[in-house]
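With the first letter of the sequence shown counted as 1, position 104 gets the number 103 in numbering that gives the first Met the number 0; the numbers rise by one all the way through. So the structure is just underneath, and the comments pick up after that.
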Amino acid sequence: MKDLFSDNSQLYQQARPDYSAEILEAVLKYVPERQLAWDCGAGSGQFTQWLAPHFQQVLATDLSAAQLAQAPQLQNVICRAAAAEHSGLADHSADLVTVAQAIHWFNFDAFYAEVRRVLKPKGCLAVIGYGLIEAQDPQLNQLIQLLYFDTLKGCWDAERHYVDELYQTIPFPFAEQQMPALSLQYRWSGPQLLNYFNTWSGFKHYVKQHNQSPLAPLEAYFAAQPIASSYAVQFPVLLRVGLCAAAQS
0 MKDLFSDNSQ LYQQARPDYS AEILEAVLKY VPERQLAWDC GAGSGQFTQW
50 LAPHFQQVLA TDLSAAQLAQ APQLQNVICR AAAAEHSGLA DHSADLVTVA
100 QAIHWFNFDA FYAEVRRVLK PKGCLAVIGY GLIEAQDPQL NQLIQLLYFD
150 TLKGCWDAER HYVDELYQTI PFPFAEQQMP ALSLQYRWSG PQLLNYFNTW
200 SGFKHYVKQH NQSPLAPLEA YFAAQPIASS YAVQFPVLLR VGLCAAAQS
């Protein structure tokens, strides 16, 4: 698993999109017991905080201690810096394992072996993510597309293709359940959008390669708009939920 997000972890916590009650509801439908959830690749706790009210205890792990340090401090949440394949949990102790916007960085075989080890017989794995941001304004959306596909071409890690393919091409050796089509919708200001683009791994690689920001066209676009402008944007939700074999009986 790569650690690409320890640098400027506070910005990541502030600028990344949140999740939603609809996502949580779709997942919890398949989790009859709620003693322990393991949120793997938890980052700064974006999804952990959604889980916490529904479980007696939540374990949040991430390779980046800097990311975990930005997570909200919740009474029933334990944070631990650990690789995805080393949760430290007892065998068959977890009711739910979640991975939000992180599984494409994992060693699939090693992680899935750990998932099988820690899940209870009626346990559930939920893989959550979001795809490329889409703007309602055509000009803004075109600038985002140019940034992602043209300017940053060659700057994305190879694993990014799993996100582009909406997580449909990741191996998923569990009994998969049908999920609703969901999206995350926001109205963000220009500065919010620029902060979000600053958290992209492709952005970070570009800056290291070229020693300059790739955001000049977007900055010029926002500078030409009224100061208080906000922009309707959405992210397609990537959601795959699978059950252990024993959970199907």
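Even glycine gets a Cβ: it sits at the ideal position worked out from N, Cα and C. Quick caveat, the model's predicted, so the values are computed rather than measured.
- Paired residues, beta bridge with S188 - DSSP: For this step, residue 188 is matched to residue 189 along the sequence shown. S229, per the DSSP bridge assignment.
- For Q55, which residues of its own chain have a beta-carbon under 6 Å away from its beta-carbon, when the five flanking residues on both sides are left out? Here residue 55 refers to the residue found at position 56 of the sequence shown. Cβ within range, chain order: Q34.
- Message: Pop quiz: L118 and V30 are said to be a contact at Cβ under 8 Å. What is the actual Cβ separation, rounded to whole angstroms?
- Response: On the sequence shown, residue 118 is found 119 positions in, with the first residue counted as 1. On the sequence shown, residue 30 is found 31 positions in, with the first residue counted as 1. Contact doesn't hold; Cβ gap of about 11 Å is too wide.
- Message: Buried or exposed, going by whether 16 or more other CB atoms sit within 10 Å of the CB of L146?
- Response: The residue labelled residue 146 in the question sits at position 147 within the sequence shown. L146 is buried by the Cβ-count criterion.
- Message: Tell me which residues share the same chain as E237 and place their Cβ nearer than 8 Å to its Cβ, disregarding the 5 neighbours each side in the sequence.
- Response: Residue numbering aside, residue 237 sits at position 238 when the sequence shown is read from its first letter. According to the sequence provided, residue 237 is Leu. The question's Glu does not apply to it. Contacts found: V126, I127, G128, Y129, G130, V162, L165 and Y166.
- Option in F202, K207, E113 and A215 with minimal Cα separation from G189: Taking the sequence shown and counting its residues from 1, the one referred to as residue 189 is at position 190. Comparing Cα-Cα distances from G189 to each of F202, K207, E113 and A215, the minimum goes to A215.
- Backbone secondary structure at K207 - three-state DSSP: Taking the sequence shown and counting its residues from 1, the one referred to as residue 207 is at position 208. Helix at K207.
- Query: Going by Cα to Cα distance, which pick from S19, E21, A25 and P16 is closest to Q177?
  - Reply: Walking along the sequence shown from the start, residue 177 turns up at place 178. Here the closest residue by C-alpha is A25.
- If we call anything under 8 Å between Cβ atoms a contact, is G201 one with C154? Taking the sequence shown and counting its residues from 1, the one referred to as residue 201 is at position 202. Taking the sequence shown and counting its residues from 1, the one referred to as residue 154 is at position 155. Yes, they are a contact pair.
- Just the Cα atoms here: how many angstroms apart are H53 and C243? Within the sequence shown, residue 53 is the residue found at index 54, counting from 1. Within the sequence shown, residue 243 is the residue found at index 244, counting from 1. If I take the Cα positions, the gap works out to 21 Å.
- Query: Does the distance from the C-beta atom of L124 to that of G241 stay below 8 Å?
  - Reply: Position 125 of the sequence shown holds residue 124. Position 242 of the sequence shown holds residue 241. Yes, these two residues count as a Cβ contact at 8 Å.
- Top-ranked residue by Cα proximity to S19, from R79, A93 and A99: The count along the sequence shown starts at 1 and reaches residue 19 at position 20. When only C-alpha atoms are compared, the closest one is A99.
- Message: I'd like to know if the stretch 178-198 and the stretch 223-233 are in contact, where contact means that at least 3 CB-CB pairs between them fall below 8 Å.
- Response: yes
- CB L151 to CB Y195, shorter than 8 Å? For the purposes of this step, residue 151 is identified with residue 152 of the sequence shown, where counting begins at 1. For the purposes of this step, residue 195 is identified with residue 196 of the sequence shown, where counting begins at 1. No, these two residues do not count as a Cβ contact at 8 Å.
- Message: So, at 7 Å on beta carbons, what are the nonlocal neighbours of P179 in its own chain, with the 5 sequence-adjacent residues on each side left out?
- Response: Taking the first residue of the sequence shown as position 1, residue 179 is located at position 180. Excluding residues within five positions, the ones whose Cβ falls inside 7 Å are A25.
- Cβ pair D38, A59 closer than 8 Å: The residue labelled residue 38 in the question sits at position 39 within the sequence shown. The residue labelled residue 59 in the question sits at position 60 within the sequence shown. Yes. Within cutoff.
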